[in-house]
Amino acid sequence: MCPQTIHLVEDNQDNSELFCELLSDKFSIECFKSANDLLSHLAKGVGHFPDLFVLDISLPGMDGVSLMKLLRSDYLYKGIPILALTAHAMADDKRRLIQAGFDWYLSKPILCEKELFHVVDGLMSKSLA
């Protein structure tokens, strides 16, 4: 059985490497530096669909909220959970991002590995339902 796949869109190399370091033993992670990189990859139709999208909010070009809405509007991806990963860490940001359509929210930097695993595992099990 293939490991579950995460498509991470993160333009900061250090954040991307930390996320991969924490989760790569359990999941297959494909990293993209921008929304356009992810969309180009998806348009090629190579490989299988991810089990989870993890999107930074402040991305160059198209931001994470716009990318999430674009993914949600496509019938191919609308059932795949999407996690917001952002440095915007005010209490209102979490509510705003979940109301916008994200399944959950984690703030950066990732300080609690246990919370990261809990959220990712929870979203992954939702994608299997």
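Numbering follows my numbering, with no gaps: position 38 of the sequence shown is 663.
All residues carry an ideal CB built from backbone N, CA and C; glycine is no exception.
According to DSSP, F678 shares a beta bridge with H632 and I707. According to the DSSP assignment, L692 belongs to the alpha helix (DSSP H) that extends over G689 to S698. For E655, same chain residues with a beta-carbon under 6 Å away, outside a window of 5 residues either side, are H632 in chain order.
Scanning its chain for C-beta atoms nearer than 8 Å, with the 5 sequence neighbours on each side dropped, one finds around N661 the residues G686 and M687, in chain order. The Cβ atoms of I705 and L680 lie no closer than 8 Å to each other. In this structure the stretch 728-742 touches the stretch 638-652; the number of beta carbon pairs closer than 8 Å is three or more. By the neighbour-count criterion, in which 16 or more other beta carbons inside 10 Å mark a residue as buried, D728 falls on the buried side.
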